[in-house]
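Be aware that the sequence shown starts at 59, since it is given in my numbering, and climbs by one per residue.
All C-beta atoms, glycine included, are put in the ideal place defined by N, C-alpha and C.
Below: the structure, in structure tokens.
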Amino acid sequence: MSLDQDTKRRLKVQVWVYWISSGFGMSLSQEVKILLLKTKPERGSLWQPVTGGVDAGEEIESAARREAWEETGLSFRHPLCELSKPFEFESRFGPAVEYPYAFEVNEPSDQPPQVRLDSREHDQYVWLSPKEAQEKIQFPAQVEVLQCLIDRINQKNKEN
């Protein structure tokens, strides 16, 4: 795990994976779903987006791409989207700073795709509406980042 050399905080990524029905732009009839993963009991049985550490010498964006693929097995449509400024928190391993990103799934269909879970970390997944996802998330910082994603999707919808 990489450390911020100035503050000795662990560097982490948070990646919100989302799917839009039919996969081609937004329209009022399209559905948006947010992916949440449930951590295994020994990790707290929490619903969360993809999260993970930045390896030593790894770029933060590369870590986000790697973690998203490792924890879901999905391919993604657009370039990685930075959602908000990084935020600090106290992890079970000490101080950390997390960098929030989002990816749109690259699987056009009328149903969200199957996810290949990393069984060492998660035991369930669910695709939820943005509102349902906000209600299931336990940490205020994650709720705030999810709201940034929802705002971006809504803005995209207004532009189309």
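Same chain, Cβ closer than 6 Å to residue i, neighbours up to 5 away in sequence not counted
i	result
residue 165	171
residue 168	79
residue 77	91, 163, 170
residue 195	201
residue 118	112, 157
residue 203	141, 142, 158
C-alpha gap between residue i and residue j, whole angstroms
i	j	result
residue 70	residue 189	25 Å
residue 193	residue 115	36 Å
residue 154	residue 91	28 Å
residue 205	residue 88	19 Å
residue 85	residue 217	Because residue 85 carries a pLDDT of 48, less than 50, the predicted location of this residue cannot be relied on, and the following value inherits that uncertainty. The straight-line gap from Cα to Cα measures roughly 10 Å.
residue 208	residue 186	12 Å
residue 160	residue 201	14 Å
residue 174	residue 103	18 Å
residue 213	residue 125	27 Å
residue 183	residue 107	10 Å
residue 110	residue 144	14 Å
residue 66	residue 105	27 Å
residue 197	residue 121	22 Å
Whole-number beta carbon distance between residue j and residue i, since they are thought to touch under 8 Å
i	j	result
residue 176	residue 129	5 Å
residue 75	residue 138	At roughly 11 Å, the Cβ-Cβ gap does not stay under 8 Å, so residue 75 and residue 138 are not in contact.
residue 123	residue 162	Contact doesn't hold; Cβ gap of about 13 Å is too wide.
residue 94	residue 191	6 Å
7 Å Cβ shell around residue i - same chain, five flanking residues per side excluded
i	result
residue 151	68
residue 147	154, 156, 199
residue 98	179, 180, 181
Sequence-distant residues of its chain with Cβ nearer than 8 Å to residue i (five each side left out)
i	result
residue 210	139, 141, 160
residue 149	68, 70
Those runs of the beta strand (DSSP E) which lie wholly inside the region 111-180 and span at least 3 residues: 145-149, 152-162
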